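Below: one structure, written as structure tokens.
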Amino acid sequence: MDKDKRKGDEPIPSNLNTLLNDAQRAGLRQLESFGWQLQFVRHPLFQEPVVVVVNPEGREFGVLEDDGRINMEAHIAFREKN
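In terms of numbering that gives the first Met the number 0, the sequence shown opens at residue 0 and continues consecutively.
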């Protein structure tokens, strides 16, 4: 996997189960059954992690909310990949 250019962190941390609550883990499993994948986890300072998923075609992104639902209307800013 690519490393984050600012911190050197992996886009999907190895301690994912400690970052997600039960509803998010269940929601992620359900989304994965439809081909969605975990894209990355953001760690804003003093805030809960933001879990970003992508559809099978790689064209739509959403945020996995605390209750396990996907939020397709979340505003996600992306950096350009070199």
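Think of the CB as a built atom: it goes at the ideal place given N, C-alpha and C, for glycine as much as any other residue. Owing to the predicted nature of the structure, the values given are computational and were not obtained by experimental measurement.
Length of the line joining the Cα atoms of ALA73 and PRO43: To locate residue 73, count along the sequence shown from 1; it is residue 74. To locate residue 43, count along the sequence shown from 1; it is residue 44. Cα to Cα, ALA73 sits roughly 15 angstroms from PRO43.
Unbroken beta strand (DSSP E) run spanning LEU37, endpoints: Your numbering for residue 37 matches position 38 in the sequence shown. From DSSP, the beta strand (DSSP E) with LEU37 extends over 36 to 41.
Cβ pair ALA22, ASP65 closer than 8 angstroms: For the purposes of this step, residue 22 is taken as the residue at position 23 of the sequence shown. For the purposes of this step, residue 65 is taken as the residue at position 66 of the sequence shown. Yes, the pair counts as a contact, with Cβ atoms nearer than the cut-off.
Distance, VAL52 Cα to ASN20 Cα: Taking the first residue of the sequence shown as 1, we reach residue 20 at position 21. Taking the first residue of the sequence shown as 1, we reach residue 52 at position 53. Spanning the two alpha carbons is a distance of roughly 16 angstroms.
Collapsed DSSP secondary structure at ASN70 in the structure displayed: In the sequence shown, the residue the question calls residue 70 occupies position 71. In this structure, ASN70 counts as strand in the three-state DSSP scheme.
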